[in-house]
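A.B. asks: Sending over a structure as structure tokens; questions will come in a sec.
Chains as they are written, first to last, in the UniProt record's numbering: chain Y, 1 to 419; chain S, 1 to 419.
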């Protein structure tokens with residue numbers, strides 16, 4: 001069974017946005033054991049959309065569309081498809097009610113074209129949109145399957161996850177199962193990782209193993225084929241053990257949705273430690289990443305963005321002497337920042353970030369020099385030196401992740417404080 | 001004249017990487033006035049690649065390939081195309097020399113398959129690869145043009161820039177120019193915007209106008225065709241004026257790379273105002289967005305992440321009475337937070353964020369209720385109430401952007417303090 005992904009939208013053809021939906025869907029379809037042999041992108045154009053559908057019908061069993069389900073004139077995916085299939089359109093009452101209610105709640109005037117988002121192809125299984133208004137659709141017609149999803153990724157992904165995956169899983173029930181596990185690593189580069197895992201990589205059959213580099217991290221994907229999930233997972237367990245024996249120290253978590261911030265959050269909550277931060281170059285990014293996930297307010301109570309030199313002294317209380325003698329980007333300053341913010345927020349752990357974010361035009365050769373301070377109750381405050389690259393936002397992100405990894409490793413050592 | 005972009009690579013169909021090359025090329029082609037009506041992705045498969053080429057030849061004048069030029073077994077783009085066109089392959093001596101030299105310099109053993117990267121379609125214009133080894137190609141054959149580029153973006157982009165652009169510019173010399181301008185809006189939904197611009201949208205010919213929804217923002221793209229850039233810009237100016245007459249209040253900037261944070265930053269620097277923030281639910285995201293761009297440290301000196309209730313009192317100084325009487329998510333608390341942080345950081349403007357980020361499971365119906373406080377020297381502190389959605393990170397991002405828009409509008413009113 002194979003699928004073709006058809007992304008609809010002139011903005012894609014103008015290069016205004018990247019087709020991330022195709023990648024997301026491809027990954028998910030691969031896990032379901034469904035082959036994808038073609039991606040297609042067409043614009044908001046009736047004729048060319050029809051042509052794309054006809055071509056796809058020649059070579060795919062499942063056609064998955066993203067985009068073109070909105071309320072404007074350019075949105076025509078369901079209209080074109082309905083006409084092509086010779087099926088009428090109809091209003092889905094539940095979706096219509098939701099659209100009307102949304103505008104009432106927001107105390108916002110609703111223009112009539114919004115109702116279009118509740119129009120579906122007659123006979124379709126309506127796919128609920130939890131994060132937006134436009135209804136998705138699943139249509140079976142003359143042996144082919146058509147799935148219509150909204151364009152915005154934050155609407156498409158939950159809809160696929162909740163509504164489409166069960167449908168496709170049922171379609172592929174009798175095929176081999178594919179199960180993937182992703183190991184997440186920090187602190188090692190991809191070519192080094194590939195070199196260390198060379199033997200495993202060269203001798204792989206089932207499971208398969210592949211390394212991927214992301215910004216500042218690497219991951220390992222182990223994929224097993226088998227008759228059922230259990231058999232797959234057993235094969236993966238074996239290979240995972242081999243991998244951990246070699247590079248286990250760098251593995252911080254499992255799962256493609258896991259993040260260093262999430263792992264730190266879980267450790268803070270489970271071991272009941274309070275964390276605070278004083279951020280200079282990172283400007284709030286560390287703390288912001290931490291509060292992505294709810295349920296943290298007992299263990300992260302707040303922190304400081306001490307962006308300028310003056311604020312480090314006046315608000316945070318770093319001594320004038322320290323700054324005059326060593327400068328703000330120094331081991332001494334990082335140490336004091338960590339100690340002071342820990343005290344100010346009455347925390348168990350205080351982390352500080354000070355450095356030259358760059359770019360090169362602003363900070364010259366100093367761009368990328370970062371000190372991270374880590375103060376812990378009952379231990380000597382440590383400071384860590386890094387010399388990253390020249391890219392400002394790259395340095396900020398890398399500093400934040402490095403900070404999270406330091407806190408993670410620290411928390412793994414510390415005893416639990418949970419009562 | 002139109003082009004089709006064909007990206008080659010099974011890793012794309014497995015969703016391992018995103019097709020950023022198609023976006024890059026589309027943007028560049030649009031600027032050259034070359035229409036792109038289709039993107040296609042195929043895997044490292046002879047048969048399906050040929051099919052894609054045949055389909056593209058039916059509908060495009062220019063076929064641009066990315067990927068499949070490397071030294072491994074999976075790399076077959078030039079071989080498949082040469083065979084399809086009935087042209088032989090030949091070794092390009094200059095490229096071969098470069099490949100051999102590279103390995104000698106690196107003291108690296110060169111496996112013979114590396115020489116493949118110097119093989120080109122006979123008669124092709126060889127496109128030099130400045131950042132990698134594989135040669136690119138430009139082939140004219142029976143009225144069609146074929147451009148073969150390497151997959152890695154850091155090889156493709158310079159090759160396009162240096163080698164391909166001049167060729168395409170020559171091809172389009174006598175054609176019309178295409179110029180686009182993007183207007184950025186905040187505070188209005190896409191369907192409302194489309195409704196207000198209905199007349200302009202319905203009567204468009206040249207320029208064309210389209211609306212796009214992004215997360216929390218909308219944009220308007222006006223694209224004009226003309227003999228030269230000046231003529232295009234004049235046409236765009238006329239339509240932009242019509243648009244501003246209707247929805248100008250929501251337009252915060254021009255350009256697809258512009259952001260609310262950037263606009264606020266520029267206003268802070270140009271009018272010389274100091275800004276600080278006390279962030280609760282947003283957790284540092286507002287401040288972090290501000291420091292994305294360098295050069296701000298005189299106008300943003302720092303701020304607070306006052307995540308928990310206790311910190312609002314102990315560090316920020318919000319009175320216990322206020323919190324007991326009104327709660328932390330209230331107009332009164334937002335007002336005091338803004339006043340206190342402005343005082344603490346000795347700023348001209350203090351902004352505060354307090355609310356229930358959600359999700360629904362945590363905050364129930366209160367999810368999405370946000371108060372933003374805005375304190376300005378010499379003015380009465382204002383507070384603003386919002387009821388956003390149920391998505392935690394959506395609410396945080398939306399709060400941040402709403403905060404930026406409030407600061408933006410405020411700064412537009414205030415007189416410059418610059419000496």
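Just so it is clear, CB atoms sit at the ideal spot from N, CA and C, and this is done for glycine as well.
Does DSSP classify residue 34 of chain Y as helix, strand or coil?
C.D. replies: Taking the first chain and counting its residues from 1, one reaches residue 34 of chain Y at position 34. Looking at residue 34 of chain Y - three-state DSSP - the assignment turns out to be coil, as it is neither helix nor strand.
A.B. asks: Rounding to the nearest angstrom, what Cα-Cα distance links residue 268 of chain Y and residue 299 of chain Y in this structure?
C.D. replies: Within the first chain, numbered from 1, the residue matching residue 268 of chain Y stands at position 268. Within the first chain, numbered from 1, the residue matching residue 299 of chain Y stands at position 299. Residue 268 of chain Y and residue 299 of chain Y: Cα-Cα distance of roughly 6 Å.
A.B. asks: Could you check what DSSP says for residue 406 of chain S in three-state terms: helix, strand or coil?
C.D. replies: Your numbering for residue 406 of chain S matches position 406 in the second chain. If DSSP states are grouped into helix, strand and coil, residue 406 of chain S belongs with the helices.
A.B. asks: For the beta strand (DSSP E) containing residue 218 of chain S, list its first residue and its last residue.
C.D. replies: Working through the second chain from its first residue, we reach residue 218 of chain S at position 218. Unbroken beta strand (DSSP E) run through residue 218 of chain S: 217-226.
A.B. asks: To the nearest angstrom, how far is it from the Cα of residue 178 of chain Y to the Cα of residue 8 of chain S?
C.D. replies: Locating residue 178 of chain Y in the first chain gives position 178, counting from the first residue. Locating residue 8 of chain S in the second chain gives position 8, counting from the first residue. The straight-line gap from Cα to Cα measures roughly 24 Å.
A.B. asks: Quick one: what's got a C-beta closer than 6 Å to residue 33 of chain S's C-beta in the same chain, skipping five residues either side?
C.D. replies: Position 33 of the second chain holds residue 33 of chain S. So the list reads 172, 175, 176, 177 and 178, once near-sequence residues are dropped.
A.B. asks: Measure the beta-carbon distance from residue 294 of chain S to residue 370 of chain Y and round it to whole angstroms, keeping in mind my assumption that it falls under 8 Å.
C.D. replies: On the second chain, residue 294 of chain S is found 294 positions in, with the first residue counted as 1. On the first chain, residue 370 of chain Y is found 370 positions in, with the first residue counted as 1. That pair is no contact at about 15 Å.
A.B. asks: Excluding the 5 residues preceding and the 5 following residue 406 of chain Y in the sequence, name in chain order all residues of the same chain whose CB lies nearer than 8 Å to its CB.
C.D. replies: Along the first chain, read from residue 1 onward, the residue named residue 406 of chain Y stands at position 406. So the list reads 351, 372, 374 and 384, once near-sequence residues are dropped.
A.B. asks: Quick one: which residues of the stretch 292-326 of chain S get their C-beta closer than 9 Å to a C-beta of chain Y? List them in chain order.
C.D. replies: Listed in sequence order: 292, 293, 294, 295, 296, 297, 298, 300, 301, 302, 303, 304, 305, 306, 307, 308, 309, 310, 311, 312, 314, 315 and 316.
A.B. asks: Do you know how far the Cα of residue 274 of chain S is from the Cα of residue 191 of chain Y?
C.D. replies: As a first step, residue 191 of chain Y is located in the first chain; it is residue number 191 there, counting from the start. As a first step, residue 274 of chain S is located in the second chain; it is residue number 274 there, counting from the start. If you take the alpha carbons of residue 191 of chain Y and residue 274 of chain S, they lie about 46 Å apart.
A.B. asks: Residue 254 of chain S: buried (16+ other C-beta within 10 angstroms of its C-beta) or exposed?
C.D. replies: The residue you call residue 254 of chain S lines up with position 254 of the second chain. Residue 254 of chain S should be labelled exposed.
A.B. asks: Cβ-heavy atom distance between residue 50 of chain Y and the ligand ZN below 7 Å?
C.D. replies: Ligands in the displayed structure: none, and consequently the ligand ZN is not present.
A.B. asks: Whole angstroms are fine: how far does the CA of residue 76 of chain S sit from the CA of residue 1 of chain Y?
C.D. replies: Taking the first chain and counting its residues from 1, one reaches residue 1 of chain Y at position 1. Taking the second chain and counting its residues from 1, one reaches residue 76 of chain S at position 76. Roughly 25 Å between the two C-alpha positions.
A.B. asks: So does the stretch 119-138 of chain S actually touch the stretch 83-98 of chain S, counting three or more Cβ pairs closer than 8 Å?
C.D. replies: The stretch 119-138 of chain S is in contact with the stretch 83-98 of chain S.
A.B. asks: Output the distance between the C-alpha atoms of residue 150 of chain Y and residue 49 of chain Y, rounded to the nearest integer angstrom.
C.D. replies: For this step, residue 150 of chain Y is matched to residue 150 along the first chain. For this step, residue 49 of chain Y is matched to residue 49 along the first chain. Taking the straight line joining both Cα atoms gives about 16 Å.
A.B. asks: Ignoring anything shorter than 4 residues or poking outside the stretch 312-394 of chain S, list the alpha helix (DSSP H) runs there in chain order.
C.D. replies: As far as the stretch 312-394 of chain S is concerned, its whole alpha helix (DSSP H) runs of at least 4 residues are 320-326, 331-344 and 360-363.
A.B. asks: With burial defined as no fewer than 16 other Cβ atoms inside 10 Å of the residue's Cβ, what is the status of residue 19 of chain Y: buried or exposed?
C.D. replies: As a first step, residue 19 of chain Y must be located in the first chain, where it is residue number 19. Residue 19 of chain Y is buried by the Cβ-count criterion.
A.B. asks: In three-state DSSP terms, what is residue 137 of chain S?
C.D. replies: Here residue 137 of chain S refers to the residue found at position 137 of the second chain. DSSP places residue 137 of chain S in strand when its eight states are reduced to three.
A.B. asks: Could one say the Cβ of residue 23 of chain S lies closer than 8 Å to chain Y's Cβ atoms, at least one of them?
C.D. replies: Numbered from 1 along the second chain, position 23 holds the residue referred to as residue 23 of chain S. Yes, its Cβ sits closer than 8 Å to a Cβ of chain Y.
A.B. asks: Tell me whether the stretch 183-203 of chain Y and the stretch 245-252 of chain Y touch, counting them as touching only if at least three CB pairs, one residue from each stretch, are closer than 8 Å.
C.D. replies: The stretch 183-203 of chain Y vs the stretch 245-252 of chain Y: in contact.
A.B. asks: Rounded to a whole number of angstroms, what is the C-alpha to C-alpha distance between residue 66 of chain S and residue 322 of chain Y?
C.D. replies: Taking the first residue of the second chain as 1, we reach residue 66 of chain S at position 66. Taking the first residue of the first chain as 1, we reach residue 322 of chain Y at position 322. Each residue's alpha carbon lies about 54 Å from the other.
A.B. asks: Below 7 Å on C-beta distance, what does residue 36 of chain Y contact in chain S?
C.D. replies: Here the question's residue 36 of chain Y lines up with position 36 in the first chain. In chain order: 13.
A.B. asks: Using a Cβ cut-off of 8 Å (strictly closer), state whether residue 39 of chain Y contacts chain S.
C.D. replies: Numbered from its first residue, the first chain carries residue 39 of chain Y at position 39. Yes, its Cβ sits closer than 8 Å to a Cβ of chain S.
A.B. asks: Assuming residue 186 of chain Y contacts residue 69 of chain Y under a Cβ cut-off of 8 Å, what Cβ separation, rounded to an integer in Å, is found between them?
C.D. replies: Here residue 186 of chain Y corresponds to residue number 186 of the first chain, with the count starting at 1. Here residue 69 of chain Y corresponds to residue number 69 of the first chain, with the count starting at 1. Contact doesn't hold; Cβ gap of about 38 Å is too wide.
A.B. asks: Which same chain residues end up closer than 6 Å to residue 39 of chain S when comparing Cβ atoms and leaving out the 5 residues on each side of it in sequence?
C.D. replies: Within the second chain, numbered from 1, the residue matching residue 39 of chain S stands at position 39. Same-chain partners within the cutoff: 5 and 22.
A.B. asks: Using a Cβ-Cβ distance under 8 Å, would residue 10 of chain Y count as near chain S?
C.D. replies: Taking the first chain and counting its residues from 1, the one referred to as residue 10 of chain Y is at position 10. Answer yes: the Cβ-Cβ gap between residue 10 of chain Y and chain S drops below 8 Å somewhere.
A.B. asks: Closer than 8 Å, Cβ to Cβ, to anything on chain Y: give me those residues from the stretch 185-200 of chain S, in chain order.
C.D. replies: Taking 8 Å as the Cβ-Cβ cut-off against chain Y, the residues of the stretch 185-200 of chain S that qualify are 189, 190, 191, 192, 194 and 195.
A.B. asks: Count Cβ pairs between the stretch 311-325 of chain S and the stretch 283-291 of chain Y that sit closer than 8 Å; are there 3 or more?
C.D. replies: No, they do not touch.
A.B. asks: By the three-class DSSP mapping on this structure, what secondary structure does residue 274 of chain Y have?
C.D. replies: Here residue 274 of chain Y refers to the residue found at position 274 of the first chain. Coil.
A.B. asks: Taking 8 Å as the threshold (beta carbon to beta carbon), is residue 16 of chain S in contact with chain Y?
C.D. replies: The count along the second chain starts at 1 and reaches residue 16 of chain S at position 16. Judged by the 8 Å Cβ criterion, residue 16 of chain S is in contact with chain Y.
A.B. asks: Leaving out the 5 sequence neighbours to the left and right, which residues in its chain are closer than 8 Å to residue 26 of chain S when beta-carbon positions are compared?
C.D. replies: Counted from its first residue, the second chain places residue 26 of chain S at position 26. The residues are 5, 36 and 39.
A.B. asks: For a minimum of 3 consecutive residues, which ranges assigned as the beta strand (DSSP E) are wholly contained in the stretch 262-311 of chain S?
C.D. replies: Runs of the beta strand (DSSP E) inside the stretch 262-311 of chain S: 275-279 and 303-305.
A.B. asks: Work out the CA separation of residue 136 of chain Y and residue 31 of chain Y for me, nearest whole Å.
C.D. replies: Stepping through the first chain from its first residue, residue 31 of chain Y is reached at position 31. Stepping through the first chain from its first residue, residue 136 of chain Y is reached at position 136. Rounded to whole angstroms, residue 31 of chain Y to residue 136 of chain Y spans 22 Å at the Cα level.
A.B. asks: Below 8 Å on the Cβ atoms is my contact criterion, and I expect residue 82 of chain S with residue 121 of chain S to pass it. Report the Cβ-Cβ distance as a whole number of Å.
C.D. replies: For the purposes of this step, residue 82 of chain S is identified with residue 82 of the second chain, where counting begins at 1. For the purposes of this step, residue 121 of chain S is identified with residue 121 of the second chain, where counting begins at 1. About 5 Å; that satisfies the 8 Å criterion.
A.B. asks: Cα-Cα, which of Y/272, Y/241 and Y/216 is closest to residue 209 of chain Y?
C.D. replies: Here residue 209 of chain Y corresponds to residue number 209 of the first chain, with the count starting at 1. If we check each option's Cα against that of residue 209 of chain Y, Y/241 comes out closest.
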